[in-house]
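Undergrad: The following block contains the structure, expressed as structure tokens.
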Amino acid sequence: MIFEVQNGCFAYPHGRKVLNNISFSVGKGEMLAILGPNGAGKTTMLRCMMGFLKWNAGKSMLDGEDIANMTQRQLFSKVAYVPQAKNAALSSNVKDMVLLGRSSHYGIFGKPGSKDRLIVDKTLQSLGLSAMANRACNELSGGELQMVLIARALVSEPQVIILDEPESNLDFKNQLIVLKTLHALTEQGITCIFNTHYPVHALRHADKALLLDKTGNVIFGPVHDVITEENMQRAFGVETVIGHIETPHNEYADVLAINTISEETNHMMDERKESEGSHMTQNSNEEISRLATLSIIVEDRENAEKINAMLHECGKYIIGRMGMPYPQKGVSIICVVIDAPETVISTLSGKLGQLKGVSMKTTYSKK
């Protein structure tokens, strides 16, 4: 299943152009994070992608078919949409609200069956919502309602799920539940696309990123190529530091906003980029190579195939690799020496760190 947008453009009547020549593609089991400042058009883009708003030019495609040519039932049997939980909810209870997500399977005039209700119960349980199944939706907090809307989308068993700021209004625990749920969906082959105000969530979980700014410019590509300190500064107008936090078991990407940047400073950066013949571009392909070691402890042997596949993708950069079992602890130990651009190393480290039962650290040389 491939979801793509080709040359999408949109402007509200008598208003400025919000989206300018948007193009991207997301494949089966991939996660795309969409970022940008308030007013850049992130929600508008999602609504255009789903056909709720009509592109002024361009189109949204699902496996090569223009979604404008699909019926709503055809579309919503394959694609689920989760809006922001801002509007007042209906007085229906949580279980009935989630059950509405199955309607694309039994039709307008049909009735939900035992299978539909079983899927609803399992989804509520997986998201920790079973205890509120009989509560009225209009009595829920914003965060609780957000979780209910996600559950409603998941019960449709979509091939693509599109979410508008799914972590909004959620506490730390529920943010993690949502992100882990999305990650689990991608492992099942489902394509996930979400807007977010958290660059760190994109770095830790997404495969690809799309970055909008308020002038309609866009960057799309591998997440570590898009979310860079320079790109964050130019899109958001803030000085940004991107680094890693180490714990006893793993290391995690982190993004820290240091200070605001004046529009004049950003404008000067734009002029410099234009004079160099580029505008809001990705890192140079000639990025300086770094030498690093990746120390990996694998507790779950089922991950061996996944790890081998990830290392194979970076095979041209790997200059040494050693692996050994350690039966006394029931683990395997892998040490990899790699000479590659830092974005390649960060991407590989991030993917390895997401695997369940895997602990890893990355150490860079000083030169």
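First residue of the sequence shown: 170, per the working numbering; consecutive thereafter.
Cβ coordinates follow ideal geometry from the N, Cα and C atoms, glycine included.
Just so it is clear, the structure is predicted and the values come from calculations on it, not from any experiment.
Would you call the CB atoms of Y250 and M219 closer than 8 Å?
TA: For Y250 and M219, yes; Cβs fall inside 8 Å.
Undergrad: Alpha carbon to alpha carbon, how far is S194 from E173?
TA: Cα to Cα, S194 sits roughly 4 Å from E173.
Undergrad: What does L269 pair with, by DSSP beta-bridge criteria?
TA: Paired residue(s): none; L269 is not in a bridge.
Undergrad: What residue from L381, M301 and Q253 has the CA that sits closest to G208's CA?
TA: Considering only alpha carbons, the answer is L381.
Undergrad: Within 10 angstroms of the Cβ of D469, are there 16 or more other Cβ atoms? Answer buried if so, exposed if not.
TA: By the 10 Å Cβ count, D469 comes out exposed.
Undergrad: List the whole-angstrom C-beta distance separating T512 from D394, where the pair is believed to meet the contact cut-off of C-beta under 8 Å.
TA: Confirmed, Cβ separation roughly 6 Å.
Undergrad: Pick out the complete alpha helix (DSSP H) segments inside the segment 295-380, 4 residues or longer, and give them in chain order.
TA: You should have 311-323, 341-356 and 368-374.
Undergrad: In chain order, what residues of the same chain have a beta carbon less than 7 Å from the beta carbon of G412, not counting five sequence neighbours either side?
TA: Cβ neighbours of G412 beyond the five flanking positions: D423.
Undergrad: Identify whether G522 lies in helix, strand or coil by the three-state DSSP scheme.
TA: If DSSP states are grouped into helix, strand and coil, G522 belongs with the helices.
Undergrad: How many angstroms separate the CA atom of I396 from the CA atom of T532?
TA: Straight-line Cα distance between these residues: approximately 21 Å.
Undergrad: The beta strand (DSSP E) with F539 in it runs from where to where?
TA: Residue 539 lies beyond the residue range present for the chain, which begins at 170 and ends at 536; the question has no answer from this structure.
Undergrad: On the DSSP letters alone, give me the boundaries of the beta strand (DSSP E) that Q175 sits inside.
TA: Start and end: F172 to A180.
Undergrad: Measuring straight from C-alpha to C-alpha, what distance separates Y275 and P281?
TA: C-alpha separation (whole angstroms): 6 Å.
Undergrad: Skipping 5 residues on each side, what residues in its chain have a beta carbon closer than 6 Å to that of S542?
TA: Summary: the structure shown does not reach residue 542, with the chain confined to residues 170 through 536, and so no result is reported for it.
Undergrad: Going along the chain, which residues of its own chain have a beta-carbon closer than 7 Å to the beta-carbon of N452, five neighbours each way excluded?
TA: Note that N452 scores 45 on pLDDT, short of 50, meaning its location in the model is unreliable; the coordinates nonetheless yield the value given after this. Excluding sequence neighbours, N452 sits near D394, T397 and T512.
Undergrad: Should the segment 503-510 be regarded as contacting the segment 480-493, the criterion being three or more beta carbon pairs within less than 8 Å?
TA: With the cut-off at 8 Å, the segment 503-510 and the segment 480-493 touch.
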